[in-house]
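Down below is the structure, laid out as structure tokens.
Chains as they are written, first to last, in our numbering: chain V, 1 to 140; chain X, 1 to 140.
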């Protein structure tokens, strides 16, 4: 399957990029890099792609497995190397589940299925970064 | 340097993700995957990250080299593999420059500097995909 996006320069350091959802997004540098901060920093979008891809897997499995979860969030910490080209070499991804009746085994299974089988973005990250994924459970 | 983002589940298939710019973004699946289409598709955000990272390099070099460019855009075509986990295995990135006085040599040099030296996202893509980058010049 082929995916196509178009990214158009809007002058100075600003860009507008398409997305298959139909929603466009703006990218911009911050003032420290001569931009006006009127858009997302592109490198961090990689991390949102990772969280979103795996998060959608887990959200889908929560539904399929009929699991009870009040809230969940994903915290990502990524280390950027010092020299150009700067890449993410170490990435930690923490799932945090909140609820009164958390089925920890099944939630862990959902995370494992995303990590081991479904999440393509994670598979791409593994080609350049040391990736650690953890699940934490917060019973209310 | 460490980069941190938080991605929070908003129910069903929707997520809200932070970005160092201070602008949050929404991620959602489309109706075909049980979502409401109220956000970006995460996998395509990887391509916007690639275009944005390299585009910012080139925009910065256009400024430094005092080059005259009316418009430019970046077209990305990415092939997704068929089996889970689905990754981008072939990526084509085309820079299109438009203007009346395009200095093709220097613009090509700006693209080459991003490709060979500066663009960290491109370096990450090279670890999992066959990447082809082209520059096209459209004199008005």
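Idealized CB from N, CA, C, for every residue including glycine.
query, result
"Kindly list, in the order they appear in chain V, the residues whose Cβ is closer than 8 Å to that of residue 109/X.", "Chain V residues near residue 109/X: none, gap ~16 Å exceeds 8 Å."
"CA-CA distance, residue 102/V and residue 15/X?", "20 Å"
"Note the first and the last residue of the continuous beta strand (DSSP E) segment covering residue 99/X.", "88-99"
"Any idea what DSSP makes of residue 38/X, helix, strand or coil?", "coil"
"Using a Cβ cut-off of 8 Å (strictly closer), state whether residue 4/V contacts chain X.", "yes"
"Using the C-alpha atoms, what's the distance from residue 139/X back to residue 85/X?", "42 Å"
"CB residue 78/V to CB residue 111/V, shorter than 8 Å?", "no"
"Please report the residue range of the alpha helix (DSSP H) in which residue 125/X lies.", "120-125"
"Excluding the 5 residues flanking residue 74/V on each side, which residues of the same chain have their C-beta closer than 8 Å to its C-beta?", "51, 54, 55, 93, 94, 95 and 96"
"Name the chain V residues whose beta carbon is nearer than 7 Å to that of residue 123/X?", "85 and 87"
"Taking 8 Å as the CB-CB cut-off, is residue 112/V touching chain X?", "no"
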